[in-house]
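2 protein chains.
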Amino acid sequence: MDEIIKLIHGDGGKHTSQLIEEIFYKNFQNKYLLDQGDAATFQLGNELISYTTDSFVVKPIFFRGGNIGKLAVCGTVNDLVVSGATPLYLSTGFIIEEGFERKKLEKIVETMRDMCTQANVSIVTGDTKVVEKGSLDEIVINTSGVGVNYSGYKKNKIDAGDKILITGGIGEHGTTIAVDRYHMKISGDYQSDCALLTPFLSVVNEYKEAIKCMRDPTRGGVATVLHEFMKTTEYGICLYEEEIPIKPSIRAVNKLLGFDPLYMACEGRMVLVVKREEADKVLRMLQSIESGKDTCIIGEFAQMEDKMIYSRNSFGGKRIIPELVSSILPRIC
Amino acid sequence: MDEIIKLIHGDGGKHTSQLIEEIFYKNFQNKYLLDQGDAATFQLGNELISYTTDSFVVKPIFFRGGNIGKLAVCGTVNDLVVSGATPLYLSTGFIIEEGFERKKLEKIVETMRDMCTQANVSIVTGDTKVVEKGSLDEIVINTSGVGVNYSGYKKNKIDAGDKILITGGIGEHGTTIAVDRYHMKISGDYQSDCALLTPFLSVVNEYKEAIKCMRDPTRGGVATVLHEFMKTTEYGICLYEEEIPIKPSIRAVNKLLGFDPLYMACEGRMVLVVKREEADKVLRMLQSIESGKDTCIIGEFAQMEDKMIYSRNSFGGKRIIPELVSSILPRIC
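So the protein sequences, as listed, match chains A and B. According to full-length UniProt numbering, the first sequence holds residues 1 to 333 in order. According to full-length UniProt numbering, the second sequence holds residues 1 to 333 in order.
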């Protein structure tokens with residue numbers, strides 16, 4: 001057991017899970033937390049409520065396609081959406097380093113305001129702290145969010161043949177953060193996919209029975225989400241290599257860096273496991289939404305002798321997609 | 001207008017209010033936020049819900065009488081209590097510096113667990129981030145909280161003669177943080193008053209009509225809370241100098257440091273404005289609770305030519321208690 005906290009404890013992979021289990025779950029035992037969803041869902045009066053939180057430490061705080069404020073609103077709103085809830089109210093806590101430019105703060109807050117308007121949520125409570133220069137790298141933001149779970153969506157048992165859908169290109173957020181952080185001189189259309197998942201709420205509400213699992217693949221990317229899904233079943237996962245939507249520019253820079261886009265964070269995508277018979281219908285519904293037009297089916301659950309995730313190409317080539325065990329890039333969200 | 005964010009923007013006084021108004025209220029306009037309570041209160045289905053958040057950046061993270069985890073649970077629970085709500089569920093977001101000792105993290109989380117048990121609340125959702133060494137001073141914690149507002153408590157218009165009550169000695173948290181942070185070699189019973197206000201919930205529920213305002217005097221201390229109360233009325237405040245409960249040890253170190261305990265944070269006290277006719281009854285009820293046994297009436301609202309807060313001693317001496325305009329001590333919570 002590590003004596004100190006390391007960067008890998010924050011990468012969303014195996015070490016993060018271990019730390020959370022050994023320290024947080026061990027002490028804060030309750031059925032809502034131990035359910036390990038992106039949000040906790042509980043009854044309050046006559047309503048089913050979902051509740052979630054995230055802290056944002058992204059570096060750089062302004063990046064192509066967004067900033068830390070956009071991420072903070074989208075991240076929390078999206079965690080509610082993939083829990084089947086309609087987001088309503090947010091809280092926000094700012095911690096700011098002394099000397100931070102007021103103009104930057106205004107820009108961040110204006111972006112948050114615009115995203116709240118788009119998502120139809122209100123920031124109803126907040127807190128602001130300022131710390132001495134040198135004791136924080138610019139700014140961090142926490143958001144929590146409360147939504148009403150009208151859908152009553154619940155995770156369902158996965159069966160062999162159930163399909164895996166993703167609502168758009170993968171790895172775009174994580175890759176853009178890498179390019180922007182290291183000022184890489186690469187041409188190409190890098191842009192974070194950071195966006196609200198609220199447009200998909202209608203599909204979630206309508207197809208809640210057909211959708212067995214949903215998650216937004218942030219830290220650790222699509223591969224990490226799939227490993228989480230796989231842990232709840234007896235089946236392995238077969239990915240259709242050529243079907244995984246990866247922009248050429250994203251593929252190129254990941255090759256250069258030695259990264260695999262499957263492990264790179266998305267901040268505006270949803271991964272869904274859908275009952276095999278309904279997969280095509282849900283696919284078409286998601287594709288009919290502007291931000292879901294690139295939705296594809298990228299794989300399926302399958303009976304295997306050795307339960308694992310592998311990616312297969314049309315020539316029959318297979319590669320194993322293991323669980324993330326070392327940090328690729330800290331501070332991507 | 002300042003071009004950069006300074007420490008005084010985080011001290012809870014005049015500059016904090018200005019920053020919040022000019023940036024946050026301006027952009028996040030909604031009636032719940034603009035109500036400026038310690039928590040936002042809204043209807044959700046058939047329940048009245050209160051919702052609040054705070055980030056904690058206290059230094060040192062372990063201090064006499066508590067640690068950052070105790071503060072994080074008490075702070076959020078207390079904001080719900082002074083809003084008239086019974087706390088139910090909390091979220092927590094940890095940001096940890098690489099290299100932080102795992103044992104310290106365990107200690108903090110165990111304290112949070114114990115405080116949750118005492119407060120009868122559950123941490124149902126959370127998030128953990130790790131940042132590179134040097135980009136954060138050890139650890140910061142955000143908590144948000146949701147409670148049901150059974151009391152239906154609402155702020156009421158203050159009248160001349162209404163009494164000001166405090167549930168115990170003032171300035172103990174802020175002073176202890178100063179002593180511990182600067183390793184001052186002072187003998188005396190310094191200890192933070194950090195504690196839950198949940199034992200007072202029964203009084204809040206029973207006397208909600210008599211209680212006109214409530215607040216926990218954290219950043220900026222009792223003086224700052226009284227200035228906030230005064231802004232909502234046409235009356236000034238007369239404090240009874242000798243009645244303000246200040247431990248001799250707390251008084252001594254504040255004198256040494258040139259601080260006034262009236263501006264030093266409490267983390268387990270409640271300031272109440274109570275209808276004059278009911279003040280003695282509420283006083284006795286609060287005194288009958290173990291953690292409220294030192295409750296006293298420390299002043300009253302009064303008609304004045306120049307609206308202000310002054311403190312009067314039994315010899316007739318008066319001193320003005322102005323609004324806090326410069327930071328005494330950053331990172332006290």
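Think of the CB as a built atom: it goes at the ideal place given N, C-alpha and C, for glycine as much as any other residue.
If only complete runs of 4 or more residues are kept, the UniProt domain "PurM-like C-terminal" (160-301) of chain A shows the alpha helix (DSSP H) at 172-181, 201-206, 221-231, 248-257 and 279-287, in order along the chain.
Taken in chain order, the whole alpha helix (DSSP H) runs of length 4 or more contained in the UniProt domain "PurM-like N-terminal" (37-148) of chain B are 68-81 and 102-119. Between the alpha carbons of K208 of chain B and G84 of chain B lies a distance of about 8 Å. Setting aside the 5 residues that flank it on each side, Q118 of chain B is surrounded in the same chain by L196, each with a C-beta closer than 7 Å to its C-beta; the list follows chain order. By the Cβ criterion, the segment 80-95 of chain B is in contact with the segment 41-52 of chain A, since at least three pairs of Cβ atoms, one from each stretch, lie closer than 8 Å.
For the options B:I211, B:I250 and B:E3, the alpha carbon positioned closest to that of G152 of chain B is the one of B:I211. For A265 of chain A, the closest Cβ of chain B is not nearer than 9 Å. Exposed is the label assigned to P248 of chain B, since fewer than 16 other Cβ atoms lie within 10 Å of its Cβ.
Y150 of chain A carries a coil assignment under DSSP once its states are collapsed to helix, strand and coil.
By the neighbour-count criterion, in which 16 or more other beta carbons inside 10 Å mark a residue as buried, F229 of chain B falls on the buried side. Its Cα nearest to that of P322 of chain A, the residue A:Y263 stands out among A:L283, A:E305 and A:Y263.
Scanning chain B for C-beta atoms nearer than 7 Å to the C-beta of E132 of chain A yields L7 and P330, reported in chain order. A contact is defined here as three or more CB-CB pairs under 8 Å, and the segment 156-171 of chain B meets this definition with respect to the segment 270-288 of chain B.
Listed by position along chain A, the residues whose Cβ is nearer than 8 Å to that of A39 of chain B are T125. Residue environment analysis places R319 of chain A among the exposed positions, since fewer than 16 neighbouring C-beta atoms fall within 10 angstroms of its C-beta.
Beyond the five residues adjoining it in sequence on each side, L34 of chain A comes within less than 7 Å, by CB distance, of Y25 in the same chain, given in chain order. Judged by DSSP secondary structure, Y32 of chain A falls within the alpha helix (DSSP H) whose first and last residues are K31 to L34.
I321 of chain A carries a coil assignment under DSSP once its states are collapsed to helix, strand and coil. For I4 of chain A, DSSP records a beta bridge to B:E101.
Only residues of its own chain outside the window of five on either side were considered, and among them none has a CB closer than 6 Å to the CB of K281 of chain A.
Taking T76 of chain B as the centre and dropping the five residues before and after it, the same chain places the C-beta of T52, T53, D54, P87, L90, T143, S144 and G145 closer than 8 Å to its C-beta, in chain order. DSSP, reduced to helix, strand and coil, places I309 of chain B within a strand of the structure shown. With respect to chain A, the C-beta atom of D11 of chain B has a partner C-beta closer than 9 Å. Close to G99 of chain B, with beta-carbon spacing below 9 Å, are these residues of chain A in chain order: I4, I5 and K6. Counting C-beta pairs closer than 8 Å gives three or more between the segment 166-182 of chain A and the segment 290-299 of chain A, which meets the contact rule. Distance from the CA of L44 of chain B to the CA of T233 of chain B, rounded to the nearest whole angstrom, comes to 31 Å. In this structure, the beta-carbon distance from G174 of chain A to A265 of chain A falls below 9 Å. Around the beta carbon of D79 of chain A, a 10 Å sphere encloses 16 or more other beta carbons of the protein chains shown; the residue is thus reported as buried. Between S192 of chain A and F63 of chain A, the C-beta spacing is below 9 Å.
Taking the beta carbon of E21 of chain B as reference, no residue of chain A falls within 7 Å; the closest one sits roughly 11 Å away. Those residues of the segment 98-122 of chain B placed with their C-beta closer than 8 Å to a C-beta in chain A are E98, G99, F100, E101, R102, K103, L105, E106, V109, E110, M112, R113, C116 and S122, ordered along the chain.
Proximity of Y153 of chain B to chain A, defined by a Cβ-Cβ separation below 9 Å, is not satisfied. Taking a Cβ-Cβ threshold of 8 Å, the residues of chain A close to T52 of chain B are S91 and T125, in chain order. Assignment of Q18 of chain A by DSSP, reduced to helix, strand and coil, places it in the helix class. Between the alpha carbons of I96 of chain B and I139 of chain B lies a distance of about 5 Å.
Distance check between V148 of chain A and each of A:V82, A:I108, A:D127 and A:M308 places A:V82 closest, using alpha-carbon atoms only.
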